[in-house]
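Note that this note's numbering has the sequence shown beginning at 55, numbered continuously upward. Worksheet for the structure shown next.
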Amino acid sequence: MTTGPDTSRPDLSGIPTAALPGGDIPLLGLGTWQSEGDDAYRSVRHALDVGYRHVDTATGYGNESQVGRALAGSSVDRADVFVTTKLPPDAAGKERETLEASLRDLGTEYVDLWLIHWPPSGEASPWVWERFVELRNEGKVRSIGVSNYSVEQVDILSAQVGETPAVDQIPWSPADYDRKVASELTTRGVVLEGYSPFKRTDLDAPVLADVAAAHGVTPTQVVLRWHLDHGFVVIPKSVTPERIEANFQVTGFSLSPEELAAVDALGQ
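In structure tokens form, the structure reads like this:
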């Protein structure tokens with residue numbers, strides 16, 4: 055069973071991590087959805103230079119080769135970067151071929167995390183999950199999980215295959231905060247990874263402004279720190295160097311329990 059990080063004493067010296075079966079995942083990563091061509095390459099290279107050690111891509115994004123070029127061109131060792139990619143739902147039945155194509159494009163012998171991007175045809179599809187387990191056992195993947203799955207669908211995979219996904223990557227932000235969903239995933243040993251943290255939140259909300267002012271940071275940085283202090287993984291996307299840098303500057307402060315609760319209330 056996986057466990058989340060100890061958030062009672064936040065790690066202010068760096069980005070905290072969560073434990074996965076194949077190795078720890080940094081709670082803050084760079085998302086690359088809608089990053090294309092040289093923009094994808096430059097954003098990943100810059101993120102690695104800034105200090106990011108977690109990059110999230112997907113076969114469906116069409117940018118794995120650019121992410122791979124950035125990994126190859128960086129001075130950061132491949133072993134020090136947590137790389138996630140995803141299987142498109144329409145590639146169900148072609149798991150091995152799709153993963154091997156991803157590995158070629160990324161220029162790596164393995165990925166740290168491989169996710170089923172969406173439930174194929176809206177169904178949990180345990181037969182696809184069985185192939186994930188097989189390929190993980192062959193060493194091509196360190197950890198396996200799902201994306202956009204409900205808790206009920208996660209349970210179907212666990213019951214029918216005998217292995218629970220290590221991660222469920224879902225739309226998540228303070229506005230989406232659902233204590234029940236977070237708790238149910240945690241009790242199953244599933245790490246909650248959120249995407250679209252800013253798009254789904256009213257960044258002009260007074261509570262974010264108040265907390266930001268108290269710490270001398272921005273509302274977007276408060277949103278990211280909220281994820282880290284809860285133990286959620288978050289992968290903000292940007293191709294703008296200044297924003298990539300600002301999104302990484304969240305280790306010098308922490309939200310108090312009262313501030314966390316106030317931000318949580320945006321989801322009510």
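All C-beta atoms in this analysis are idealised placements derived from N, C-alpha and C, irrespective of residue type, glycine included.
Assuming the contact rule is C-beta atoms closer than 8 Å, residue 211 and residue 180 should be a hit. Round their C-beta distance to whole Å, please.
5 Å
Specify the secondary structure class of residue 202 as computed by DSSP and reduced to three states.
coil
Element boundaries [alpha helix (DSSP H), containing residue 275]:
273 to 284
Exposed unless 16 or more other CB atoms sit within 10 angstroms - verdict on residue 55:
Note that residue 55 scores a pLDDT of 38, beneath 50, so its modelled location is shaky and nothing firm can be said.
If contact is defined by three or more beta carbon pairs under 8 Å, each pair taking one atom from either stretch, is the stretch 137 to 146 in contact with the stretch 156 to 164?
yes
Measuring only the C-alpha atoms, how far is residue 240 from residue 286?
10 Å
Give the straight-line distance between the Cα atoms of residue 269 and residue 230, rounded to the nearest whole angstrom.
23 Å
Let me make sure I understand the geometry here. Which of 88, 207, 167 and 318 has the alpha-carbon closest to that of residue 261?
318
Could you check which residue in 217, 201, 321 and 129 has the C-alpha nearest to that of residue 233?
321
Which class does residue 265 belong to by DSSP, given the choice of helix, strand or coil?
helix
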